[in-house]
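Residue numbers for the sequence shown follow our numbering, beginning at 497 and rising by one.
We treat Cβ as the ideally placed atom computed from N, Cα and C, and that holds for glycine.
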Amino acid sequence: MTTVELESSSTSADETTEEESGDEEARPPKRSRRAVTNVITPSVAASLDRTKITDRGAVYVLSAAVHSLGHDVSEMNINRSSIRRHRWKHRTNARVALKAELRGGCTLIVHWDWKLMQDLTTKQNVDRLPILVSGNGMVQLLNVPKLPNGTGSEMAKAVVGALKDCDLTERIGGMSFDTTSSNTGRNNGACVLIEQQLKKDPCPNVTMFKRFQDHWQFIDRSQFESGDSHPHVRPLLDPVDKDWFQSTLINHKGLRDDYQELLELTVIFLGQVPPRGVRFLAPGPMHHARWMSKAIYALKVWMFRSQFKLTARKEKGLQQIAVFVSRLYAKAWTLAPEAAAAARHDLQLLKDLTTYMDNVNWDVGKAALTKLQGHLWYLSEELVALAVFDPLVTVEEKRQILTSLHTTKLHLEDGFLDADPATWLEREDFRTAAAFVQGISVINDHAERGVALIQEYNRKLTQDEEQLQFLLQVVSRHRAEFPDSRKKTVAAGVAAQQEQEH
497 MTTVELESSS TSADETTEEE SGDEEARPPK RSRRAVTNVI TPSVAASLDR TKITDRGAVY
557 VLSAAVHSLG HDVSEMNINR SSIRRHRWKH RTNARVALKA ELRGGCTLIV HWDWKLMQDL
617 TTKQNVDRLP ILVSGNGMVQ LLNVPKLPNG TGSEMAKAVV GALKDCDLTE RIGGMSFDTT
677 SSNTGRNNGA CVLIEQQLKK DPCPNVTMFK RFQDHWQFID RSQFESGDSH PHVRPLLDPV
737 DKDWFQSTLI NHKGLRDDYQ ELLELTVIFL GQVPPRGVRF LAPGPMHHAR WMSKAIYALK
797 VWMFRSQFKL TARKEKGLQQ IAVFVSRLYA KAWTLAPEAA AAARHDLQLL KDLTTYMDNV
857 NWDVGKAALT KLQGHLWYLS EELVALAVFD PLVTVEEKRQ ILTSLHTTKL HLEDGFLDAD
917 PATWLEREDF RTAAAFVQGI SVINDHAERG VALIQEYNRK LTQDEEQLQF LLQVVSRHRA
977 EFPDSRKKTV AAGVAAQQEQ EH
């Protein structure tokens, strides 16, 4: 193994001459030369964190890389303690830089989600709460604190504390969270408590799916049955706008992988071929909190039911889910991130569910409608007002909205509210406000990614609570800068980092 701080075991020419000449005076022992060249830059430290390479493992990797590039390893400061020290320093510096970057700027949306997981240093399970903010195309992880319990009051305390720590309380224009009772309770829900503290208005593995995941290796992916080929299912799919799915897959850039998979599976179920061809990805993790993962599994299991043993009751249930996803859910879920169009989409979904009850399946439609009606509380006057930025809302409808709307709570220039909606597109203040609203993140994907992040790095690399928070922020930022490992992406990211460092 190549060592870092090498003691010289060879004898110099001068020492040999002196020994051979019988010099009785012993030379003082030669001290090892201390390596001074540091190789742990902020970008290297972040890359090590993202790839979960330990300090000890980094010694091997960096030593081999330095040697392969033709450098003398003994000249480089590559040892476990030094690597650990520099990684801690760069994480701390990254935290300071993050807080500085977040000062000033646009209105933000705060996101949070709850997860129970093992503690850093014990075998006990603890409550973790990823807290993030988004706005103007940016998403930033603030903290993933450990909570005494998962109550709404503790969540609210953690969220407000994270916002205060980064001096962001005055910039929060909305909240995005899962609709659990701990979040939405009228008296002690985190949403209500955060609103009060900020003085703002709120804007289990399923056994069958786990068995299907284990059975996937035996599935012949070329032998599937679409809903369109089933005599009882095909009539239920006739009203579906199939062209919408195809055009969305072609024209919608930046679709997340799970969104794209859902749309492609829906297209296949509808009896068509997606733009990238018919293909089926191996079944992945099934997150309990995400109904979309259940929808993806339901479509796959039903289409491969001839190769997977199912009871008649389960097959019927999967068929009902697949039809519901194709008729209503997939399109509604894909459109959900559009903040300005949220009110219009929700109104349309309510109408569609009523039609679904009458013409397709009363029980499924009624269950979905009841669930949706239970969450209409978030359509407050402030959030419905986002419809004035929806280009598909008519000028006359916007005039009607203006009769009860006189200001916004998103810290925007709102002088356009005093003008007639027919003139808005000509006004710079409206165009600026509309651009901001179009970029608002109104779904909780960001917090769910935060949950996945803490699950992946919990008890990895560090057992220090503060360093864990810094580590998660560094990895979150690194993933944003390097979304994939393609050479083109990495080269561009490295060039951008070098420009910032200089």
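What residue does the alpha helix (DSSP H) around Asn-679 start on, and which one ends it? For Asn-679, the enclosing alpha helix (DSSP H) starts and ends at 677 to 680.
Phe-765 and Ala-818: beta carbons closer than 7 Å? The answer is yes: Cβ separation under 7 Å.
I need the straight-line Cα distance from His-907 to Asp-739, nearest angstrom please. 39 Å
I'd like the ranges of any alpha helix (DSSP H) spanning at least 4 consecutive residues and lying wholly in the region 929 to 985. Taking only runs of at least 4 residues, the alpha helix (DSSP H) segments lying wholly in the region 929 to 985 are 941 to 953, 961 to 977.
If you follow the alpha helix (DSSP H) that His-607 is in, where does it begin and where does it stop? Element bounds for His-607: not the alpha helix (DSSP H) but the beta strand (DSSP E), 604 to 608.
Quick check on the DSSP output: what are the complete beta strand (DSSP E) runs of length 3 or more inside the region 569 to 635, in order along the chain? Complete beta strand (DSSP E) runs here, min 3: 604 to 608, 611 to 614, 621 to 624, 627 to 631.
Pull up the DSSP beta-bridge partners for Lys-441, would you. Outside the displayed range of the chain (497 to 998) lies residue 441, so it cannot be described from this structure.
So Val-736 and Ser-822 are in contact, right, with Cβ under 8 Å, and what is the actual spacing, rounded? 6 Å
Run the CB neighbour count on Glu-757, radius 10 Å, all protein chains shown included, and call it buried at 16 or more, exposed below. It is buried - the Cβ of Glu-757 has at least 16 other Cβ atoms within 10 Å.
Using CA atoms only, rank isn't needed, just tell me which of Val-535, Gln-636, Ala-826 is closest to Asp-568. The shortest CA-to-CA distance from Asp-568 to any of Val-535, Gln-636, Ala-826 is the one to Val-535.
Using 8 Å for Cβ pairs, my map puts Asp-551 next to Arg-587. What's the rounded Cβ distance? Not confirmed; about 13 Å, so no contact.
N-terminal and C-terminal residue of the alpha helix (DSSP H) that Gly-780 is part of: Element bounds for Gly-780: n/a, residue is neither H nor E.
Would you please state the rounded distance, in angstroms, between the beta carbons of Leu-999 and Leu-849? I believe it to be under 8 Å. Any property of residue 999 remains undetermined from this structure, which presents the chain solely from 497 to 998.
Through-space distance from Ala-826 to Cys-602, alpha-carbon basis: 31 Å
Please report the distance separating the alpha-carbon of Gly-767 from that of Arg-752. Taking the straight line joining both Cα atoms gives about 23 Å.
Pairwise C-alpha distance: Pro-771 and Asn-747: 11 Å
Contact belief for Gly-648 with Asn-684 at Cβ below 8 Å, rounded distance in angstroms: About 5 Å separates the two Cβ atoms, so the contact holds.
Can you name, in chain order, every residue of its own chain whose Cβ lies under 6 Å from the Cβ of Gln-994, other than the five neighbours on each side? none
Take the Cβ of Gln-969 as the centre, count every other Cβ of all protein chains shown within 10 Å, and call the residue buried at 16 or more, exposed below. buried
If we count the other Cβ atoms within 10 Å of its Cβ and call it buried at 16 or more, is Asp-980 buried or exposed? exposed
Just the Cα atoms here: how many angstroms apart are Asn-855 and Thr-665? 48 Å
For Ser-789, the first and last residue of its enclosing alpha helix (DSSP H): 787 to 799
Contact set for Met-853: own chain, Cβ-Cβ below 6 Å, skip 5 residues either direction: Gly-861, Lys-862
At what residues does the beta strand (DSSP E) containing Ser-672 begin and finish? 668 to 672
Those residues which DSSP pairs with Thr-533 across a bridge: DSSP lists Met-572 as partners of Thr-533.
Distance between beta carbons of Arg-624 and Lys-642, contact taken as under 8 Å: 6 Å
Within its chain, find whatever has a CB closer than 6 Å to the CB of Val-884; leave out the 5 residues flanking it on each side and keep chain order. If we look at Val-884 and ignore the five residues flanking it on each side, its Cβ neighbours are Lys-894, Ile-897.
Hey, Val-635 and Leu-628 are a contact pair by Cβ (cut 8 Å); roughly how many whole angstroms apart? Confirmed, about 6 Å.
Who does Leu-637 pair with in a DSSP beta bridge? Leu-628
Between the Cα of Glu-909 and the Cα atoms of Asp-886, Arg-927, Ala-918, which residue gives the shortest distance? Arg-927
Decide if the region 715 to 723 is in contact with the region 784 to 800; the criterion is three or more beta carbon pairs, one per stretch, under 8 Å apart. yes
What's the C-alpha gap between Asp-842 and Ala-832? Between the C-alpha atoms of Asp-842 and Ala-832 there is a straight-line separation of about 9 Å.
Burial state of Ala-808 (16 or more Cβ within 10 Å): exposed
Grouping DSSP H, G and I as helix and E and B as strand, with all else coil, what is Lys-862? Helix at Lys-862.
DSSP state of Ile-715, grouped into three classes? coil
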